[in-house]
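Going by UniProt numbering, the first residue of the sequence shown is number 1, and it counts up by one from there.
Quick reminder that beta carbons are idealized off the backbone N, C-alpha and C, glycines included.
What follows is one structure encoded as structure tokens, with my remarks underneath.
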Amino acid sequence: MSAKRLIGFIFVLILLSVFGAFGLMSLILLWANANYGLAIILGILLVSIAFVLINPKGYPYRYMIPAMILLFILTIYPMYYTLKTAFTNFGTGHLFTRPQVVQKLLSDYYYIPENPEEYSFSIFVKLEDYKPTDNFIVVFKSLSDDELFIAPKPIAVQKDSEGNILLAESRMFSVKNDRATVNGVTYQLVRSSQDGSILSVSANGERYMYFYSPDDNTTKSNAPFYLSEIRGIWLKNAEFTNPMGQQVRLNPNRLYTDFATSERKYEIKVVTSIESGRAVQKNVVYNKKTGGVLIERDGYFYDIDDKGQEFAVEGYISNIGFKNFMKMFKDPRISGPFVKIFVWTFTWAALSVLFTFTIGLILALVLNDRKLKGTKIYRTLLIIPWAIPAFISVLVWKNGMFNETYGIINRFIVMGLFGAEEPIKWLSDAFWAKVAVLLVNTWLGFPYMMTITLGALQSIPDELYEAASIDGATGFQRFRKITFPLLMIAVAPLLVGSFSFNFNNFVGIYLLTGGGPAIPGSSTPAGATDILISYTYKLAFEGRGQDFGFASAISILIFVIVGGLSWLNFKLSGAFEEVNR
């Protein structure tokens, strides 16, 4: 082996070792974080790559490794995740796993006990160019013994996906002789020589000026800044720890005008129950204030209020079997709109193919006439709708053509040319909205059909037409007996492909009508022009809540239908016969 090849071999070996180590580490982390599905898929991918690299018989497949990686990441795992989600209640109210929800119950819920230790408070802020900032400290005063405490600005320890603070923490430090040592820094209270009120707090050369207190009417002008920038962002979810280790929060019983010691509302305890004649110990979540154990049912934790009524506290992701699939047909509030959407999806796809193919075929027959002059110009003009991006054309049709007030169709044709008194409600009436989406989709699709049909027509031998003319066949007979049958041999698979495309034509529906108008009486965001894919999108990302589980179930149904259409496409195109040879 030459030196150059040896260096190349060592480089590849190092590269593969790094990749393998990274993959193995990722596998361990995924498994440790309970992402078992992704961990298993990653493990299969790593084993497959190792087999291809180590086994001499796998040499031809080495060049497919990048494609294998993308296949597993972009196709196999999304399919697995969709299948897994379809059998769960994942959605609004059920966004976290049970352990995560239990942790949330233990950390996020609190209550103010009877006779708590209460504190009045004052906000001191740092000024920049004589303007207040959110760099502040809080001075507390115990209402029981007038003892003072200083707390630095809380530190955010938990945020949501949008960056909002869910929990911020800080500590309260006792003030002795107007001084307090906070994390090694000495804070000095500066008082007024007249009434002894605190004017500012200094620390390390920085000065925090007195800004706001709910008990001081002279600071009311600063209330808007306090409410929006300090309490609204930092203090509403802030938790201060006093020197005795108690948690101090804004007191809702006093309209958040003071602070009070608080206690965790929920904790875990072990209870013993008898199941099948055996004593079984379980960890349960209970309400410290009432002593009642939370009830778990249908993926929810339920508590009991003061009137003895159950109310949902938190929901978690749980397996629900085939409920998402069954409610498509059993729940009348869902099955009615769903069946309408299901039927309309097939109708929409079939009519789109029919209209585009019919118009495209007629134009192709005209352009295929050798006696016609300027065919190149006509072809160029007729292909323009295909050349313009679909989302631009759809928005032009929506705002320029179908607008009920100033749209060209209503203003100049319906009311101008025909003299109608009322405009057509293109986007707010169910029937006319369906007409609108079919019209726009026909406009977008006929150039494609015209192009493929024109190519197929030009491949038909002229001798067939000459023989038919000698036999006395009319033009329609030649089309019915020769042109159309030979045309369908080449075009039929493309028509099936066009049906599959329009079956999932999200852009054509969503940009024009948004799936609307809404179907009356539906408990889900279902619209008259919604097809399955747009309905799935709205279930997952729009409406009053997100239902990822139900959306995943519909996605599986779409996958089965499109898979069946793809199989039919292969069958019509003879691909199976080619593969079997």
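Proximity below 9 angstroms, CB of residue i to CB of residue j
i           : j      : result
Leu427      : Phe402 : yes
Lys153      : Trp234 : yes
Asn441      : Gly497 : no
residue 582 : Ala203 : For residue 582 there is no data in the structure shown, the boundaries of the chain being 1 and 581.
Phe325      : Leu105 : no
Ile561      : Thr536 : no
Ala279      : Ile531 : no
Gly407      : Val101 : no
Phe559      : Gly321 : no
Ser120      : Asp195 : no
Thr85       : Gly549 : yes
Arg478      : Ala468 : yes
Trp432      : Ser393 : no
Leu565      : Ser523 : no
Trp344      : Lys425 : no
Ile40       : Ile65  : no
Same chain, Cβ closer than 7 angstroms to residue i, five either side skipped, listed in chain order
i      : result
Lys265 : Tyr109, Tyr110, Tyr111, Asn287, Lys288, Lys289
Gly58  : Phe51, Val52
Gln158 : Leu166, Leu167
Arg254 : none
Identified DSSP bridge partners for residue i
i      : result
Pro132 : Leu127
Val353 : BP columns for Val353 are empty, so no partner.
Tyr448 : BP columns for Tyr448 are empty, so no partner.
Gly527 : Ala518
Gly315 : Tyr300
Lys282 : Val271
Met209 : Val125, Ser200
Ile165 : Lys159
Glu263 : Tyr111
Outcome for residue i when other beta-carbon atoms lying within 10 angstroms are tallied against a minimum of 16
i      : result
Pro243 : exposed
Pro60  : exposed
Asn580 : For Asn580, the predicted model reports a pLDDT of 44, less than 50, meaning its position is unreliable and no value from the coordinates is stated.
Gly551 : Note on residue identity: the sequence assigns Ala, not Gly, to residue 551. Answer is buried; the Cβ neighbour count reaches 16.
Gly91  : buried
Asp547 : buried
Ala575 : Only weak support exists for where Ala575 lies, its pLDDT of 47 falling under 50; the coordinates are left without a value.
Glu577 : Its pLDDT being 45, under 50, Glu577 is placed unreliably by the model, and the measurement read from it follows with that caveat. By the neighbour-count rule (16 or more Cβ atoms within 10 Å), Glu577 is not buried but exposed.
Ser213 : buried
Pro132 : buried
Trp397 : buried
Tyr210 : buried
Ser122 : buried
Leu42  : buried
Ala387 : exposed
Val313 : buried
Between the CA atoms of residue j and residue i - distance to the nearest angstrom
i           : j      : result
Leu53       : Ile69  : 14 angstroms
Ala180      : Leu148 : 10 angstroms
Pro78       : Leu24  : 21 angstroms
Leu239      : Val248 : Reading off the sequence shown, one finds Glu at residue 239, where the question assumed Leu. If you take the alpha carbons of Glu239 and Val248, they lie about 6 angstroms apart.
Val353      : Thr380 : 22 angstroms
Gly527      : Phe346 : 15 angstroms
Leu439      : Leu13  : 59 angstroms
Arg5        : Phe357 : 58 angstroms
Ala21       : Thr272 : 46 angstroms
Ile268      : Gln246 : 19 angstroms
Ser335      : Ile452 : 39 angstroms
Tyr36       : Leu27  : 9 angstroms
Thr218      : Val284 : 50 angstroms
Leu16       : Asn33  : 25 angstroms
Met415      : Gly472 : 50 angstroms
Leu45       : Tyr81  : 16 angstroms
Phe259      : Arg333 : 47 angstroms
Arg207      : Lys126 : 6 angstroms
Leu395      : Tyr465 : 44 angstroms
Lys176      : Lys236 : 28 angstroms
residue 582 : Thr261 : As displayed, the chain neither begins before 1 nor continues past 581, which places residue 582 out of reach and without an answer.
Ser161      : Phe96  : 13 angstroms
Close Cβ partners of residue i (< 8 angstroms) along its chain, the five nearest in sequence each way excluded
i      : result
Arg191 : Asp178, Ser197, Ile198, Leu199
Ile460 : Ile482, Thr483, Leu486, Leu487
Glu457 : Reading off the sequence shown, one finds Leu at residue 457, where the question assumed Glu. For Leu457, where only same-chain residues beyond five positions count, the Cβ hits under 8 angstroms are Ala364, Leu365, Asn368, Thr483, Leu487.
Ser318 : Thr88, Asn89, His94, Arg98, Asp298, Gly299
Arg62  : Val52, Leu53
Cβ-based neighbour list, residue i, same chain, cut-off 6 angstroms, excluding 5 preceding and 5 following
i      : result
Tyr510 : Ser534
Ala151 : Val138, Ser170, Met172, Phe240
Ile383 : Pro447
Trp567 : none
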